[in-house]
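K.L.:
What follows is a structure written as structure tokens; I'll ask about it next.
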Amino acid sequence: MRSARGVRMRILARFNGPNGEIRVLEEASTGARHYQEGGVSQSSVLAGGEADVAYVSLMATLLENSANALLFGCGGGALATMLHRRASRVVVVDANPISFQLARVFFWMPNGVECVTADMRNFVCTERRTFDAIGIDVGGPRFSYEAVLQPATIARVRGALSAHGRIAVNISCDVPDDPVPGRIADRFKAEGLEVWAFTENAASSELNVVILASARREAPSALAEIAGESWSLARLNGGRRINRRRQMAAEGR
Numbered sequence: 003m004r005s006a007r008g009v010r011m012r013i014l015a016r017f018n019g020p021n022g023e024i025r026v027l028e029e030a031s032t033g034a035r036h037y038q039e040g041g042v043s044q045s046s047v048l049a050g051g052e053a054d055v056a057y058v059s060l061m062a063t064l065l066e067n068s069a070n071a072l073l074f075g076c077g078g079g080a081l082a083t084m085l086h087r088r089a090s091r092v093v094v095v096d097a098n099p100i101s102f103q104l105a106r107v108f109f110w111m112p113n114g115v116e117c118v119t120a121d122m123r124n125f126v127c128t129e130r131r132t133f134d135a136i137g138i139d140v141g142g143p144r145f146s147y148e149a150v151l152q153p154a155t156i157a158r159v160r161g162a163l164s165a166h167g168r169i170a171v172n173i174s175c176d177v178p179d180d181p182v183p184g185r186i187a188d189r190f191k192a193e194g195l196e197v198w199a200f201t202e203n204a205a206s207s208e209l210n211v212v213i214l215a216s217a218r219r220e221a222p223s224a225l226a227e228i229a230g231e232s233w234s235l236a237r238l239n240g241g242r243r244i245n246r247r248r249q250m251a252a253e254g255r
């Protein structure tokens, strides 16, 4: 079979999942593997376990150099794998235990990653550990970010963050002016965190926005370097966004 881009693929596995059929596909020429559920792409992983998706690589960069990391959403396990290889102790939480099996068997996720089967909202109510890095990459067919990331849940996620930690949240948008990332960012801002938004500069039907909510004071120039040319960087300030690149240009920097 071939993908929409004309890449020859072979099916490695098929399972019945909670949101429809789960398929694991492999590109014949590169060995890269793809995880689909209910017809929706959940993960793309290069041979060996590194992410083949720009937003996952961005999240890994934002969350690296942390002693421990808590991740909500497993998918193919690429983010967990990348942080584990960068010396973080990683806990990944997913309501679907099949995800852990797939990530280990087909997507090279190391055995050293701790896997917890739980709903995110239930987990944060009972977990007593704190983490230097928290990543949230949840979604799927008929998924609602606003329903899952309620203010009460975000408050508990904030409570699991260490004194100088970072939270990175990926939000997939169907349209460039989708209001959901701003609403979710406002909820993190209400918890006293410094909030930035990385918006993907890509011409595609699906746009990703990665929200960085930080318990420390961030250096704008360092974040701009991470954003590079692939992402537009903006800081959320009192309910409105300030485009950092435009601000720096206006100041002659």
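Counting from 3, one number per residue, gives the positions in the sequence shown under my numbering. Just so it is clear, CB atoms sit at the ideal spot from N, CA and C, and this is done for glycine as well. Just so it is clear, the structure is predicted and the values come from calculations on it, not from any experiment.
Buried or exposed for ASP176, please, with buried defined as at least 16 other CB atoms from any protein chain shown within 10 angstroms of its CB.
P.N.:
The residue in question, ASP176, is exposed, as its Cβ has fewer than 16 Cβ neighbours within 10 Å.
K.L.:
How many Å lie between GLU116 and ILE213 at the Cα?
P.N.:
Computed Cα separation, rounded: 24 Å.
K.L.:
Please report the distance separating the alpha-carbon of ILE169 from that of ARG144.
P.N.:
Answer to the nearest angstrom: the Cα atoms are 24 Å apart.
K.L.:
By a C-beta neighbour count over all protein chains shown, 10 Å radius and 16 as the cutoff for buried, is ARG25 buried or exposed?
P.N.:
Buried.
K.L.:
What's the gap between the Cα of ARG255 and the Cα of ARG131?
P.N.:
With a pLDDT of only 46 at ARG255, under the threshold of 50, the placement of this residue in the model should not be trusted, and no figure is reported.
K.L.:
Assign PHE17 to one of three DSSP states: helix, strand, or coil.
P.N.:
In this structure, PHE17 counts as strand in the three-state DSSP scheme.
K.L.:
State the Cα-Cα distance for the pair ASN98 and THR155, rounded to the nearest angstrom.
P.N.:
Going from the Cα of ASN98 to the Cα of THR155 covers about 19 Å.
K.L.:
Using CA atoms only, rank isn't needed, just tell me which of ILE173, ALA205, GLU220, GLU196 is closest to TYR57.
P.N.:
Ranking ILE173, ALA205, GLU220, GLU196 by Cα distance to TYR57 puts ILE173 first.
K.L.:
What ranges does the alpha helix (DSSP H) occupy inside the stretch 23 to 90, keeping only unbroken runs of at least 4 residues that lie completely in it?
P.N.:
If we require 4 residues or more, the alpha helix (DSSP H) runs fully inside the stretch 23 to 90 come out as 56 to 65, 80 to 87.
K.L.:
Thinking C-beta only, is LEU48 closer than 8 Å to ALA34?
P.N.:
In contact: ALA34 and LEU48 (Cβ atoms closer than 8 Å).
K.L.:
Ordered along the chain, which non-local residues of its own chain (more than five positions away) have a Cβ less than 7 Å from that of SER59?
P.N.:
Excluding sequence neighbours, SER59 sits near ALA53.
K.L.:
Is it right to say ARG218 is buried, meaning 16 or more other beta carbons lie within 10 angstroms of its own, or is it exposed?
P.N.:
Exposed, by the Cβ-count rule.
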